[in-house]
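Everything in the sequence shown is counted per full-length UniProt numbering, starting at 1 for the first residue and increasing by one. C-beta: ideal position from N, C-alpha, C; glycine also. Scroll down for the structure; my scribbles are underneath it.
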Amino acid sequence: MFSYLNLCAWTSPESWKHIISPRRKGFFSNFVVIAILLNILAFLISPLQQVFLTQRTIKAPDQQHVLGSEIVDLKERALPTIPGSTDDDSISVLTRSAITSTLNSDPQARLWSRGGLSCGGPLLLSKTKEDQVARATCQPSGNALLDLDQLEDPFLAQLPAGYNTGLLTQFLPRIKSSASRSTLPVEEWPLDCGGSPGSFHAHYSGSQTPRNGTYTYWNVEACMPADLRVSPWRSTRERQDFLETLYLNLSLGLAPSSDVQGGLFKIQLNTTAGYFELPNYMNGQQPGPLIDGDPSDLCEQTCPPQFDDVYHDYTNIQRRQESVVPATEDLPTSASDHSTVLNKGPLFTIAIALFGQNSYLDSRGRNPRAYTFPDEDEDLLANPATNQRCVDQAPLPGLLRQKLGIGETPLGHCIQNSVTTTDDLQNELASFVKSLFYEPEFTPTIVKSAFEAAAFIANQNWLLNGNSSQTAGGNFRGGTQDVSRDLGADTEVLVLSKTGIIVVSALVMRRPEWAHKLDAVALLRIGWSMEHDFPLDDIHETEKSIDMITLPSGLPAGSDRGAQKPLMA
């Protein structure tokens with residue numbers, strides 16, 4: 001028999017013919033029966049498995065990576081790390097440099113958005129129909145500052161936009177500043193602009209020999225009348241909002257007419273800061289909204305600790321807060337000494353960068369001959385290449401560019417080698433003043449957008465430089481948090497298909513219910529069914545007992561659906 005089966009496998013038709021024949025004893029055994037039954041069972045199970053079960057790829061915990069030491073804790077960032085420390089003004093200097101060199105079309109890795117950017121928006125029209133071009137949206141390498149007004153809820157965060165924490169829930173600080181610009185009537189100009197304690201005030205002016213097509217004079221007055229010795233930043237991880245206001249008085253005259261250009265303007269910056277949930281697999285890999293409370297209160301099992309409990313011990317923080325310099329301390333109030341104020345707001349930082357000590361207007365106004373080039377080339381006018389060479393940059397023009405760079409500001413992004421006299425320099429400074437209120441008719445919000453972009457840069461410098469800008473006998477950087485990440489490993493699992501769920505639900509519904517809900521009555525019935533394991537002989541008043549077997553589920557003992565019977569005889 002075995003030799004025959006070896007030569008002719010039992011799965012062959014010849015073997016099956018012998019097995020069902022009357023002389024099957026020589027070809028029949030228990031092993032063959034088991035093999036046949038297993039194949040029949042597999043034949044039945046396989047299609048059922050295809051119908052009721054499907055495979056799905058899930059992410060299983062793999063390896064956790066932790067970012068620390070450089071991720072800023074917003075609560076600690078707003079606290080002075082050293083009692084009596086002052087600011088070294090590095091953030092204002094960095095902001096001045098950045099708003100001078102940055103173009104609003106440069107991709108910004110830390111510019112986040114909670115929604116996509118529409119590629120099919122309206123076209124931007126130039127003055128001529130032939131110059132019609134589409135907006136430069138949908139940046140392949142990241143969001144740009146020129147798209148701030150097109151992004152849904154744009155904000156600054158320290159990690160690159162789209163950073164995904166995978167299987168873990170983590171939170172990160174975010175900052176958003178929104179600007180507004182309006183023209184003021186004379187009666188709304190602050191009467192004592194810059195004269196109140198702690199306020200900021202700067203005034204610059206210049207004039208030159210009248211020539212056709214040049215500016216005869218220019219004047220700039222900038223002030224922030226609030227007490228700027230008090231930082232608007234609060235030491236908290238909860239949501240915080242504050243408003244800053246800058247007043248500008250801009251005027252200039254153009255020869256040969258006596259018309260005056262400019263006006264009175266109010267620029268306001270509304271800043272909102274707090275925490276948001278980083279993209280992960282649980283939230284659809286999208287950044288979460290701004291959280292009103294402390295993110296520590298939202299942590300669950302998928303949220304590894306982010307904050308140093310020792311560093312954030314209450315007694316530690318209380319001791320440090322009590323050592324902070326009082327807000328009413330006499331601090332310098334001149335424009336040249338505001339650099340010592342700790343944790344400036346973004347608009348205050350921008351005001352110092354544009355109008356403070358060593359700013360573009362200040363440095364050229366104090367020493368105009370240092371910024372002229374009369375001896376650069378004796379044959380300057382005869383050498384156009386030398387005449388057009390870039391020798392310097394002014395702040396803001398790179399952010400005042402319109403979409404796709406159409407219609408540069410009056411100053412332009414580059415200062416060319418054509419300033420041969422101090423009169424030429426005054427004309428250059430007047431062009432900078434005009435750029436602060438110049439708005440083409442087809443881009444009426446260009447100045448407002450430039451201040452919004454500058455605020456993003458100022459906030460970024462404040463966030464990334466940490467407390468290292470504080471000086472009091474040395475630098476100390478503290479108040480960091482952790483961010484953990486686990487992208488997981490792909491794992492195949494079996495899941496019940498929708499068809500299987502429907503079939504199983506239908507089968508379950510066909511079974512009679514013994515209880516509508518798991519209430520006290522159901523628990524008593526369960527206990528009654530286990531009377532042999534838990535004898536009830538200790539009950540003394542059996543006449544008050546209830547027959548739980550005859551009692552309809554979910555009905556009280558006093559119902560009329562059958563008489564009560566004693567639980568014990």
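- In terms of Cβ geometry, K448 and Q261 do not form a close pair [threshold 8 Å].
- If you draw a straight line from the Cα of Y438 to the Cα of I446, it is about 8 Å long.
- Looking at S199, S251, T165 and S92, the one whose alpha-carbon comes closest to that of P287 is T165.
- The beta carbon of L399 sits closer than 8 Å to those of I99, T102, L103, N104, L145, S449, A450, A453 and A454, all from its chain and outside the five residues before and after it, given in chain order.
- Each of F43, R110, Y281 and F276 was checked against the Cα of D486, and the nearest Cα belongs to Y281.
- Under the DSSP assignment, G115 falls outside any alpha helix (DSSP H); it carries neither an H nor an E label.
- With contacts defined as CB atoms closer than 8 Å, L156 and F456 qualify as a contacting pair.
- Taking 8 Å as the upper bound for CB-CB distance, C223 and G194 are in contact here, some 4 Å apart.
- N465 sits in a helix when the DSSP states are folded into three classes.
- Contact between the stretch 195 to 202 and the stretch 289 to 299 is not established, with fewer than three Cβ pairs separated by less than 8 Å.
- At a Cβ-Cβ threshold of 8 Å, N461 and T95 count as neighbours.
- Look at the beta carbons and you see the stretch 230 to 239 not touching the stretch 175 to 193: under three pairs across the two are nearer than 8 Å.
- Assignment of beta strand (DSSP E) within the stretch 170 to 197, counting only whole runs of 3 or more residues, yields 171 to 183 in chain order.
- DSSP lists no bridge partner for F451.
- Unbroken beta strand (DSSP E) stretches of 3 residues or longer found wholly inside the stretch 476 to 525: 480 to 485 and 489 to 496, given in chain order.
- Pairing K176 with D106, the inter-Cα distance amounts to about 19 Å.
- A straight line joining the alpha-carbon of D392 with that of V341 spans about 29 Å.
- For N219, same chain residues with a beta-carbon under 6 Å away, outside a window of 5 residues either side, are S205 and S251 in chain order.
- A distance below 6 Å between beta-carbons, with the five flanking residues on each side excluded, links L264 to the following residues of its chain, in chain order: L184, W189 and N249.
- As the crow flies, the alpha-carbon of T54 is around 15 Å from that of V504.
- Spatial neighbours of G345 in its own chain (CB-CB distance under 7 Å, excluding positions within 5 residues in sequence) are listed in chain order as P232, F242, E244 and T271.
- With contacts defined by Cβ atoms closer than 8 Å, F171 and F276 form a contacting pair.
- With a cutoff of 8 Å on beta-carbon distance, T302 and T169 are scored as near each other.
- Boundaries of the alpha helix (DSSP H) harbouring V33: N30 to F52, taken from the DSSP string.
- Annotated three-state conformation of G288 is coil, per DSSP.
- Around the CB of K75, 16 or more other CB atoms lie within 10 Å, so the residue is classed as buried.
- Distance from the CA atom of P397 to the CA atom of A430, rounded to whole angstroms, is 14 Å.
- Apart from sequence neighbours up to five positions away, the residues of its chain that approach T491 with a beta-carbon distance below 8 Å are T57, I58, K59 and A60, ordered along the chain.
- As the crow flies, the alpha-carbon of F31 is around 11 Å from that of L38.
- In the structure shown, the three-state DSSP call for Y217 is strand.
- Rounded to whole angstroms, the Cβ separation of L298 and P368 is 57 Å, and the two are not in contact under 8 Å.
- Annotated as proximal: G142 and Q108, with beta-carbon spacing under 8 Å.
- Take the alpha-carbon of V493 and the one of A179: they are about 51 Å apart.
- Looking at the DSSP output, E277 shares a beta bridge with F171.
- For A98, there is no enclosing beta strand (DSSP E); the residue is part of the alpha helix (DSSP H) that begins and ends at S90 to S101.
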